[in-house]
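Here the structure is laid out as structure tokens; the discussion comes afterwards.
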Amino acid sequence: MTDSTPSRRVLLIVGGGVAAYKALELTRLLRKAGVGVRPILTKAGAEFVTALSLSALAEDKVYSDLFSLTDEAEMGHIELSRSADLVVVAPATADLIAKAAHGLAGDLASTALLATDKPVLMAPAMNVRMWLHPATQRNIEILKTDGALFVGPDEGAMACGEFGPGRLAEPPAIFEAIMAALEGPAAKPLAGKHALVTAGPTFEPIDPVRGITNRSSGRQGYAIAGALARLGARVTLVSGPVALATPPGVDRVDVETARDMLAACQAALPADVGVFVAAVADWRIDEVFGTKLKKEKGGPPALTFVENPDILATLAASGPRRPKLVIGFAAETNDVEAHARAKLARKGCDWIIANDVTEPGVMGGDENAVLLISRDKTERWTRAAKDSVAHDLAQRIAESLS
Ligand code: CTP
0 MTDSTPSRRV
10 LLIVGGGVAA
20 YKALELTRLL
30 RKAGVGVRPI
40 LTKAGAEFVT
50 ALSLSALAED
60 KVYSDLFSLT
70 DEAEMGHIEL
80 SRSADLVVVA
90 PATADLIAKA
100 AHGLAGDLAS
110 TALLATDKPV
120 LMAPAMNVRM
130 WLHPATQRNI
140 EILKTDGALF
150 VGPDEGAMAC
160 GEFGPGRLAE
170 PPAIFEAIMA
180 ALEGPAAKPL
190 AGKHALVTAG
200 PTFEPIDPVR
210 GITNRSSGRQ
220 GYAIAGALAR
230 LGARVTLVSG
240 PVALATPPGV
250 DRVDVETARD
260 MLAACQAALP
270 ADVGVFVAAV
280 ADWRIDEVFG
290 TKLKKEKGGP
300 PALTFVENPD
310 ILATLAASGP
320 RRPKLVIGFA
330 AETNDVEAHA
340 RAKLARKGCD
350 WIIANDVTEP
360 GVMGGDENAV
370 LLISRDKTER
380 WTRAAKDSVA
390 HDLAQRIAES
400 LS
């Protein structure tokens, strides 16, 4: 599959959780990229994936027992914990995270985490209540203070039937985080750059309890903010109301209305790049009612609208404060390229990322099929996961700013 003596190695600790199956795909991605994978499968992990699958994909022996004489004869657990350039825990269960935070060492995985002198990257996966529990959040803080890196968790539907943050990050995102951690400063081409990203919908109030919003999930914008941060940028993410976890290393400013979003963007300047992904409401209610509208008061209310500021166009025309690279998004249903190209000119941006929202699974889904339109050319990108589109775009931004 790849060279037999990889120059970069990870020690992959696979914890117990339904998401453990994604560790197999992660192993495949790493091997494909020439990264050596030495797996530790916990007892709980072995309830979900087999040592045989893991070993076949890793092309290496799977370690699982702290007290195995055979394992110890081949490689002692202390040596094992230091035999890689990076220790990756995926899925990192609440239990593994708690053990690592408190320095427990009752099994091979926790012992390796305590004995290692290498950087540690954790990809948490657990039920939403377990993730949000103060004990877990405290443990995460302890590990971050100790220097551990994190990728995810994502938000979404879970195997346990609940919904929220706690889902293991997708294998391509974990792979990217691993590559960034392995490559160190060379993989941080955006170090010293400031990126401004808008994401999510806006919420325009009608009265104290009602408002107008849209179905934007914020996923693509959040993925872009995360990808830019992984490449070393300082990222300010100005976000409308969404139910997503803030990507690691990203400064998030929460706003509701288009006008608040514009003000937050202007306050965040100067920036080297602005990526405007938010689905901003084009109109707001002229006069917001100060008290809740009552239906007895003679039929439905007549609402009058006024146009919202165009955040992208305003920032693109902000003279000396204009980010060097201004990128807009265009969701179109027909004549995608022509409409997007007209938008590029109208809004004064450098690139437009256009997508055809009639494609099944794009709106609110995990994938995107986009065109990158600049003043002089159009590129058609193959359909890919939103995380992968985000990574490719972040790479392109880095090339353009370098
Ligand atoms: N945008 C913005 N502020 C607005 C409206 C849009 O910053 N008030 C940005 C979006 O974040 C996106 C781009 O402009 O990057 C295109 O948004 P879109 O809604 O497609 O553009 P519109 O100008 O609303 O065009 P139309 O609805 O006519 O397609």
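For the sequence shown, the residue numbers in numbering that gives the first Met the number 0 are 0 to 401.
Yeah, the Cβ is synthetic: ideal placement off N, Cα and C, and Gly gets one too.
Provide the residue span of the beta strand (DSSP E) that contains residue 373, from first to last.
369 to 373
What three-state label does DSSP hand residue 73 in the structure shown?
helix
Is it true that the CB of residue 26 sits closer than 8 Å to the CB of residue 56?
yes
Under the assumption that residue 190 contacts residue 231 (Cβ atoms under 8 Å), give the Cβ distance between them as a whole number of angstroms.
4 Å
Please determine whether the Cβ atom of residue 257 lies at a distance below 7 Å from any heavy atom of the ligand CTP.
yes
Residue 246 (DSSP reduced to helix, strand or coil):
coil
Contact under 8 Å by Cβ, residue 120 with residue 150
yes
Specify the secondary structure class of residue 121 as computed by DSSP and reduced to three states.
strand
Grab the span of the alpha helix (DSSP H) containing residue 138 for me, first residue to last.
133 to 144
Quick one: is residue 348 buried, meaning 16 or more other Cβ sit within 10 Å of its Cβ, or exposed?
buried
Residue closest to residue 146, alpha-carbon to alpha-carbon, out of 224, 312, 180, 216
180
4 or more residues per run - each alpha helix (DSSP H) lying fully within the stretch 295 to 346
310 to 315, 335 to 346
For residue 199, count neighbouring Cβ atoms within 10 angstroms of its own Cβ and tell me buried if that reaches 16, exposed if not.
buried
Just to confirm, is the Cβ distance from residue 411 to residue 283 under 8 Å?
What the structure shows of the chain is the stretch from 0 to 401, and residue 411 is not part of that stretch, so it cannot be assessed.
Here's the rule I'm using: 16 or more other beta-carbon atoms within 10 Å means buried, otherwise exposed. How should residue 341 be labelled?
exposed
Pick from 108, 317, 328, 88 that is closest to residue 277, judged by C-alpha positions:
328
Neighbourhood of residue 17 by C-beta distance below 6 Å, restricted to the same chain and skipping five residues each side
Leaving aside the five residues that flank residue 17 on each side, the residues in its chain whose CB is nearer than 6 Å to its CB run, in chain order, 158.
Taking the alpha-carbon positions, what's the residue 381 to residue 360 distance?
14 Å
Quick check: does the Cβ of residue 330 come within less than 7 Å of any heavy atom belonging to the ligand CTP?
yes
Neighbourhood of residue 245 by C-beta, 6 Å cutoff - its chain only, sequence neighbours within 5 removed
The answer, listed in chain order, is 251.
Name the two residues that bound the continuous beta strand (DSSP E) containing residue 89.
It spans 85 to 91 - the beta strand (DSSP E) in which residue 89 sits, taken as one unbroken run.
Buried/exposed call for residue 101, threshold 16 Cβ in 10 Å:
exposed
Can you give me the C-alpha to C-alpha distance between residue 233 and residue 269, rounded to a whole angstrom?
Distance from the CA of residue 233 to the CA of residue 269, rounded to the nearest whole angstrom, comes to 12 Å.
Residue span of the alpha helix (DSSP H) that contains residue 28, given as start and end:
Residue 28: member of the alpha helix (DSSP H) spanning 20 to 31, first to last residue.
How far does the alpha helix (DSSP H) with residue 109 in it reach, from first residue to last?
107 to 114
Buried or exposed: which applies to residue 209, given that a residue is buried once 16 or more other Cβ atoms fall within 10 Å of its Cβ?
By the neighbour-count rule (16 or more Cβ atoms within 10 Å), residue 209 is not buried but exposed.
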